[in-house]
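Participant:
Residue numbers (the working numbering): 180 to 317.
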């Protein structure tokens with residue numbers, strides 16, 4: 180009986196103090212995908228061709244488009260109002276052409292308007308990257 184009390188006290192103290200800091204479990208931090216930094220646009224035979232490099236391990240993109248009439252001077256400090264969203268899956272051969280780590284997306288040019296584009300990468304977990312550079316296509 181004399182040994183039971185010290186052992187009981189030892190296990191109570193050891194269990195009570197435990198090891199480490201106690202607190203609620205913490206979820207691992209989600210990391211946003213790498214953003215596209217090299218979005219480019221050209222007009223080829225009345226067709227707009229956009230191209231960019233695919234960040235490693237990504238395949239889903241959201242393309243944002245805005246249009247401005249020709250003759251209107253672009254406002255450098257004004258925010259761009261992107262009115263169209265196009266979801267692009269590089270695994271779908273009907274959506275884009277993929278050559279190595281480059282994507283080529285084709286869009287129709289609108290007479291009398293210039294188009295502005297930006298890209299956002301969407302990870303498999305649904306996380307969004309920061310916006311790409313904005314491209315003005317005459």
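Beta carbons are placed, not taken as given, at the ideal position from N, Cα and C, and that holds for glycine.
Write down the C-beta distance between residue 237 and residue 302 rounded to the nearest angstrom, noting that I regard them as a contact closer than 8 Å.
Facilitator: Counting from one through the chain shown, the residue named residue 237 turns up at place 58. Counting from one through the chain shown, the residue named residue 302 turns up at place 123. The pair is a contact, with the Cβ atoms about 7 Å apart (cut-off 8 Å).
Participant: Just how far apart, CA to CA, sit residue 245 and residue 289?
Facilitator: For the purposes of this step, residue 245 is taken as the residue at position 66 of the chain shown. For the purposes of this step, residue 289 is taken as the residue at position 110 of the chain shown. Taking the straight line joining both Cα atoms gives about 11 Å.
Participant: Run through the DSSP bridge pairs and tell me what residue 219 is partnered with.
Facilitator: Against the chain shown, residue 219 aligns to sequence position 40. According to DSSP, residue 219 bridges with 230.
Participant: Report the option in 283, 190 and 218 whose CA atom is closest to the CA atom of residue 332.
Facilitator: The requested residue 332 does not occur in the structure, where the chain is confined to residues 180 to 317.
Participant: Could you tell me how far apart the beta carbons of residue 214 and residue 300 are, in whole angstroms, since I believe they sit closer than 8 Å?
Facilitator: Start at 1 with the first residue of the chain shown, and residue 214 comes out as number 35. Start at 1 with the first residue of the chain shown, and residue 300 comes out as number 121. Right, the Cβ-Cβ distance comes to about 6 Å (below 8 Å), so this counts as a contact.
Participant: How many Å lie between residue 283 and residue 204 at the Cα?
Facilitator: Here residue 283 refers to the residue found at position 104 when the chain shown is read from its first residue. Here residue 204 refers to the residue found at position 25 when the chain shown is read from its first residue. Spanning the two alpha carbons is a distance of roughly 44 Å.
Participant: Buried or exposed: which applies to residue 220, given that a residue is buried once 16 or more other Cβ atoms fall within 10 Å of its Cβ?
Facilitator: Taking the chain shown and counting its residues from 1, one reaches residue 220 at position 41. Buried, because 16 or more other Cβ atoms sit within 10 Å of the Cβ of residue 220.
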